[in-house]
Amino acid sequence: MAPPADARLQLEAVRLTALYGRRAVVKDVSILFPAHSVTAVIGPSGCGKSTFLRCLNRMHELSEGGWVTGTVLLDGADVYDAGVDPVQLRRRIGMVFQRPTPFPTMTIYDNVAAGLRVNGGRSRGEVDAAVEQALRRAALWDEVKDRLKKSALDLSGGQQQRLCIARALAPEPEVLLLDEPTASLDPAGTQRIEELCHELKHRYTIVIVTHNLQQAGRVSDYTAFFYLGDLVEVGRTEELFTKPAQEQTEAYITGRFG
Amino acid sequence: MDDGSPVAPDRPALVGRNAVDRLYRAALTGLALSLPLLLVALLAELVASAWPAITRFGVRFLWTSVWDPVAGVFGAAPMIFGTLASSLLALLFAVPLALGVAIYLTEFSPKWLRQPVAFLVELLAAIPSVVYGLWGIFVLIPFLRGYVVPPLRGVLGWTPFLQGVFYGNSLLAGGVILAIMIVPYIAAVSREVLLAVPSSQREAALGMGATRWEAVWTAVVPYGRAGLIGAVILGLGRALGETMAVTMLIGNRHDIGLSVLQPAYTMAAAVANEFSEATTNLYLSALFEVGLILFVVTVVVNALARLMIWRVARGTAVGSRAL
């Protein structure tokens, strides 16, 4: 694909192969993620799209037997370089998971602050301000501002997922990885998250894994189609959905398999 | 084969139950009920045997310190104190060690090391109590006297906890041996609890840029805290009732003192030591009352521990509403 010439390339995978032991689940994938855009990663279950996402912030290597070849560049710097601390990397690339994962013993406030606490070195006032900002950006502030000290489990599933987005935003990352963020949500909750993607892309570069093609069409600027670990096709979303270059892509988006 | 014939094969009758099955059920019900009944019978027997002492001394028994078999005056306060003090001292040493082992084994250790270390730690629980006692007398006490007490006194000698001459048999020696004995229980249960924490919680913490250490303390330990407290209370329950090793090391003196270097006494040790010398009915009855107190305390502590672990294992304490 050809991103607009003026777009800054924030994140890039270069010949990335992800393996569990000797089994490759993502094969030789090269892809560009332009800054301040939403890229959807679609494909049938087991196509390696979630694993691919987890390679971008070096979460894959935490899985049993997980390792990669090739590399990922963040602002041109190799994130798999020997000197890179994956912990620091993950503070620049936030992640939200399939199921909401609030910390159940913490309050709403503490959940958001948790991401700041691990970064350390902030005064109480700064933490307060950062928590409010993160909750506002996650479009949750108005719903929870009067009950910040309540348990995070008092929130609905959709609110919990937006809380997790706020938690990921609190350390001020540049990139946001969303791994099927609406998979466990009802339609209303799903819609809120999708609207949020549009708002957040002005500040962040977003990569969203989804098995929902309509969702990919609604939220993304670019779409990448994965099949059996291969990147089959990537392009502007409206082009990929209207005139796909590959036969497999067409078969998938027209519902002939998957 | 189906030949289209409408004739139905013989079906078993829908009513009536299999007689053997009923018998089996009744027998098993009886067996299952016999254990709780045994517990009740034990409690009833303890109360009955302790009754003379209970009526004679009333609740004063719990907080008076005189233990004079000749004069027939009994008060259990030193033993209750010694039991609680030695057990709490044991927790003080055992909890950090056991939690450290459990956290290391679930979060940090290389995979090949997990089973061997877990196995060896749990093997500590298989060593007979009397062997711990012997080891305590011949190894632990000389070690404490030579290498632990002198430097400890150098730093904290001004506190009331380290006063008096250290002869060896003491609250400290009893507490340390108890700590070693309960570490395997606390470590094993804590490990189970930490393994039960969903990996999504770990990943959530790691994904927001927490180090492994921070992930343990912000996500894993808080999630499992009820179960971890349960593990600790389970260890406490064992420490309260432990008899042989403590009897051999604690000094067996009816005395209440703040210094851990001085001899003390526990309820279990008193019953074991004095049972054969109890010549009068009242003396025997007083020992039964000590046993009754110990019984009630340990049952309550264990029930509490089970309840907390059960709540975590069932996921009703934390997390279930998040899923």
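The listed protein sequences derive, respectively, from chains A and B.
Just so you know, we're using the working numbering here: the first sequence kicks off at 1 and counts up by one.
Just so you know, we're using the working numbering here: the second sequence kicks off at 1001 and counts up by one.
Note that CB positions come from ideal geometry on N, CA and C, so glycine has one too.
Original post:
Whose C-alpha, out of A/Leu178, A/Val79 and A/Ile193, is nearest the C-alpha of A/Ala139?
Top reply: For A/Ala139, the closest C-alpha among the options A/Leu178, A/Val79 and A/Ile193 is that of A/Ile193.
Subject >> Three-state secondary structure (DSSP) of B/Arg1153 >> reply: helix
Original post:
Is it buried or exposed for B/Leu1323, if we count other Cβ within 10 angstroms and need 16 for buried?
Top reply: Confidence is the limiting factor: at B/Leu1323 the pLDDT is only 26, short of 50, which leaves the residue's position unreliable, though a coordinate-based value still follows. Classification for B/Leu1323: exposed.
Original post:
For the region 1203-1233 of chain B, which residues have a CB atom closer than 8 Å to at least one CB atom of chain A, in sequence order?
Top reply: Answer in chain order: Glu1203, Ala1204, Ala1205, Leu1206, Gly1207, Met1208, Gly1209, Ala1210, Thr1211, Glu1214, Thr1218, Ala1219, Pro1222, Tyr1223 and Arg1225.
Original post:
Using DSSP with H/G/I as helix, E/B as strand and the rest coil, what is B/Ala1098?
Top reply: Here B/Ala1098 carries a helix assignment [DSSP, helix/strand/coil].
Original post:
Cα separation between B/Ala1264 and B/Leu1123?
Top reply: 29 Å
Original post:
When burial is assigned at 16 or more other CB atoms within 10 Å of the CB, is B/Phe1288 buried or exposed?
Top reply: buried
Original post:
Helix, strand or coil: how does DSSP classify A/Ala183 here?
Top reply: In the three-state reduction of the DSSP assignment, A/Ala183 falls in the coil class.
**OP:** Give the C-beta separation of B/Leu1062 and B/Ala1076 to the nearest angstrom, bearing in mind that I take them to be a contact with Cβ-Cβ under 8 Å.
**Re:** Indeed they touch by this definition, with Cβ atoms about 6 Å apart.
Subject >> Any chain A beta carbon closer than 8 Å to B/Ser1087 >> reply: no
**OP:** Report the residues of the region 166-185 of chain A with a CB closer than 9 Å to any CB of chain B, ordered along the chain.
**Re:** Listed by position along the chain: Arg167, Ala168, Ala170, Pro171, Pro173, Leu177 and Ser184.
**OP:** Would you kindly check if the distance between the Cβ of B/Phe1081 and the Cβ of B/Ile1256 is under 8 Å?
**Re:** yes
**OP:** Would you grab the beta carbon distance between A/Val68 and A/Tyr80 for me? Rounded to a whole angstrom, and I think it's under 8 Å.
**Re:** The pair is a contact, with the Cβ atoms about 7 Å apart (cut-off 8 Å).
**OP:** For B/Tyr1024, count neighbouring Cβ atoms within 10 angstroms of its own Cβ and tell me buried if that reaches 16, exposed if not.
**Re:** exposed
Original post:
Mind listing which residues of the region 1101-1112 of chain B have their C-beta closer than 7 Å to chain A's C-betas, in chain order?
Top reply: none
**OP:** Rounded to whole angstroms, what's the CA-CA distance from A/Arg92 to B/Leu1035? Just pull it up for me.
**Re:** 59 Å
Subject >> Status (buried if at least 16 other CB within 10 Å, exposed otherwise) for B/Val1066 >> reply: exposed
Subject >> Contact with chain A by B/Ser1200, beta-carbon distance below 8 Å >> reply: yes
**OP:** Look at the alpha carbon of B/Gly1168 and the alpha carbon of A/Leu19, and state the distance between them as a whole number of angstroms.
**Re:** Here the C-alpha atom of B/Gly1168 lies approximately 59 Å from the C-alpha atom of A/Leu19.
Original post:
In its own chain, which residues sit with a C-beta less than 8 Å from the C-beta of B/Asp1291, not counting the 5 before and 5 after it?
Top reply: It should be pointed out that residue 1291 of chain B corresponds to Gly in this sequence rather than to Asp. Same-chain partners within the cutoff: Leu1046, Ala1050, Met1267 and Val1271.
Subject >> B/Pro1150 versus B/Gly1175: straight-line alpha-carbon distance, rounded >> reply: Pairing B/Pro1150 with B/Gly1175, the inter-Cα distance amounts to about 18 Å.
Original post:
For the putative contact between B/Ala1190 and B/Leu1228, defined by C-beta atoms under 8 Å, what is the C-beta separation to the nearest angstrom?
Top reply: Checking the displayed sequence, the identity of residue 1190 of chain B turns out to be Ser instead of Ala. So it is a contact: roughly 6 Å between Cβ atoms.
Subject >> Cβ-Cβ separation, A/Asn111 to A/Ala152 (assumed contact under 8 Å), whole Å >> reply: 5 Å
Original post:
Within 10 angstroms of its Cβ, does A/Tyr109 collect 16 or more other Cβ (buried), or is it exposed?
Top reply: buried
**OP:** Can you give me the Cβ contacts of A/Val175 inside the same chain, cut-off strictly under 6 Å, excluding the 5 residues immediately before and after it?
**Re:** Leu11, Ile93 and Thr205
Subject >> Exposure of B/Gly1319, with buried meaning 16 or more beta-carbon neighbours within 10 Å >> reply: The predicted position of B/Gly1319 is uncertain, since its pLDDT is 37 and thus under 50; a value taken from the coordinates is nonetheless stated next. Classification of B/Gly1319: buried, given that the 10 Å Cβ count is 16 or more.
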